[in-house]
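In this note's numbering, the protein residues as written are 2 to 170.
Below, the structure written as structure tokens:
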């Protein structure tokens, strides 16, 4: 297949990992796309795991921390991104617990609203509320967190004495 040593599966994998951290699944997929046999790829992955160049748990934790540094996002969004990268459920849950012990989801959602609010300040209150709700949903925050933050930032929905329900949006 690829005769020269510098074009080995391990060499390609190390070049990929030098660019950024990747999950085992991502490295496997990239090596297979580059034409390496399944056997070469699996052997390479085992070597990289033994050498600790690949570690899905460390990758998941680093990815989650990095996402929170760039922009406030919720657990749901990070879990979805990690799942798409082939990270296992156990590693995802451990990473989320580790990262969100350090960063409060309510505070992150509140930060996201504060960043977005100036852009929609001119809109009627109910339109703002709906847009912020969907914005926070897309960013991966659960509806309980969203309703709490919107009540804090915008007050209770008008025209109703009962308070915050998803149907009020």
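Here a beta-carbon is modelled for each residue, glycine too, at the ideal position from N, C-alpha and C. Just so you know, these numbers come straight off a predicted model, no measurement behind them.
Beta carbon of residue i nearer than 7 angstroms to that of residue j
| i | j | result |
| --- | --- | --- |
| residue 43 | residue 10 | no |
| residue 113 | residue 143 | no |
| residue 60 | residue 24 | yes |
| residue 35 | residue 13 | yes |
| residue 172 | residue 78 | Residue 172 cannot be examined here, being either before or after the span of the chain that is shown, 2 to 170. |
Range of the contiguous alpha helix (DSSP H) that encloses residue i
| i | result |
| --- | --- |
| residue 134 | 126-139 |
| residue 63 | 57-71 |
| residue 149 | 144-155 |
| residue 81 | 76-85 |
| residue 44 | 39-51 |
Beta-carbon proximity list for residue i, same chain, < 7 angstroms, skipping 5 on both sides
| i | result |
| --- | --- |
| residue 117 | 133, 136 |
| residue 89 | 57 |
| residue 66 | 100 |
DSSP-derived helix/strand/coil call for residue i
| i | result |
| --- | --- |
| residue 24 | coil |
| residue 119 | helix |
| residue 13 | helix |
| residue 88 | coil |
For residue i, the nearest candidate out of the options (CA to CA)
| i | options | result |
| --- | --- | --- |
| residue 192 | 125, 122, 108 | This structure cannot speak to residue 192, because the chain is shown only from 2 to 170. |
| residue 126 | 27, 158, 70, 82 | 158 |
| residue 86 | 22, 120, 16 | 22 |
Cutoff 8 angstroms; reference residue i; Cβ partners in own chain excluding five residues on either side
| i | result |
| --- | --- |
| residue 146 | 75, 106, 107, 110, 137 |
| residue 95 | 58, 61, 62 |
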